[in-house]
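*Asks:* Have a look at this one before I ask anything.
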Amino acid sequence: MKNNILENFREASRQYSDASIFMHEAIARKAGLSNTDHKYLGIILQHVSITAGEISKLTGLTTGAVTGLIDRLEKKELVKRQFTQEDRRKVIIIPNIENSMKLLKPVFDDLQAKTADLLSDFSEKEVQTIERYFREATALMNETADHLNKK
């Protein structure tokens, strides 16, 4: 690949990454959350239930940091803790979908509509290429994070 094309791609990717961080920080502020709590809530919302240990493994957070996260989200009634009958030390986190959607849906509805409009300018093949890039880049970033979290 030509150096100029690669450099332009890196610059666009960096700008996209920065814009994504700034947008999510603005969403978090609007929702009364920290940026990290907002992003980790998004991970929790992808599950019907998830244990504190699984959150720790997914995020690389210490168990103490996960406890703090759950405390903050529970205080805002965005999740609830449920203890298992077999082992009261095991905590299952249940997302409160209704409260979370009340908080986040208005912002994301607008963003999703604008994203759909943007994608309508691309061919199906181009969208599939963009999707493939995101999936493969995500795998690379997850691999990098896993490697760094193990050090």
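The numbering of the sequence shown is the working numbering, which starts it at 230 and goes up by one.
Heads up, the beta-carbon is just placed ideally off N, CA and C, and yes, glycines get one too.
(1) State the Cα-Cα distance for the pair Tyr245 and Phe238, rounded to the nearest angstrom.
(2) Taking Ile250 as the reference, which of Glu240, Asn264, Ala260 has the closest Cα?
(3) Starting from Arg310 and walking both ways along the beta strand (DSSP E), at which residues does that stretch end?
(4) One question on the structure: do Lys319 and Thr288 come within less than 8 Å of each other, judged by their Cβ atoms?
(5) Ala260 to Leu333, Cα distance in whole Å?
(6) Under the DSSP definition of a beta bridge, which residues are partnered with Ile234?
(7) Just to confirm the assignment: which complete alpha helix (DSSP H) runs, minimum length 4, are found wholly within the region 343-379?
(8) DSSP state of Val336, grouped into three classes?
(9) Tell me the rounded alpha-carbon separation between His267 and Leu235.
(10) Would you kindly check if the distance between the Cβ of Ile273 and the Cβ of Pro324 is under 8 Å?
(11) DSSP beta-bridge partners for Thr280?
(12) So Gly297 is in the alpha helix (DSSP H); what residue range does that whole segment cover?
(13) For Asp247, which three-state DSSP category applies?
*Replies:* Judging by the given coordinates:
(1) Within the sequence shown, numbered from 1, the residue matching residue 245 stands at position 16. Within the sequence shown, numbered from 1, the residue matching residue 238 stands at position 9. Their backbone Cα atoms lie some 10 Å apart in a straight line.
(2) If you number the sequence shown from 1, residue 250 lands on position 21. If we check each option's Cα against that of Ile250, Asn264 comes out closest.
(3) Residue mapping note: residue 310 aligns to position 81 of the sequence shown, counting from 1. Start and end: 308-312.
(4) Counting from one through the sequence shown, the residue named residue 319 turns up at place 90. Counting from one through the sequence shown, the residue named residue 288 turns up at place 59. The answer is no: Cβ separation not under 8 Å.
(5) Mapped onto the sequence shown, residue 260 falls at position 31. Mapped onto the sequence shown, residue 333 falls at position 104. Taking the straight line from one Cα to the other gives about 7 Å.
(6) Taking the first residue of the sequence shown as 1, we reach residue 234 at position 5. BP columns for Ile234 are empty, so no partner.
(7) 353-379
(8) Sequence index remark: in the sequence shown, residue 336 carries index 107 (1-based). In the structure shown, Val336 sits in a helix (DSSP, three-state: H, G or I).
(9) The sequence position of residue 267 within the sequence shown is 38, counting from 1. The sequence position of residue 235 within the sequence shown is 6, counting from 1. Cα to Cα, the separation comes out at about 32 Å.
(10) As a working note, residue 324 is residue 95 in the sequence shown. As a working note, residue 273 is residue 44 in the sequence shown. Contact flag set, yes.
(11) Taking the sequence shown and counting its residues from 1, one reaches residue 280 at position 51. Bridge partners of Thr280: Ile321.
(12) Along the sequence shown, read from residue 1 onward, the residue named residue 297 stands at position 68. Unbroken alpha helix (DSSP H) run through Gly297: 292-304.
(13) In the sequence shown, the residue the question calls residue 247 occupies position 18. Helix at Asp247.
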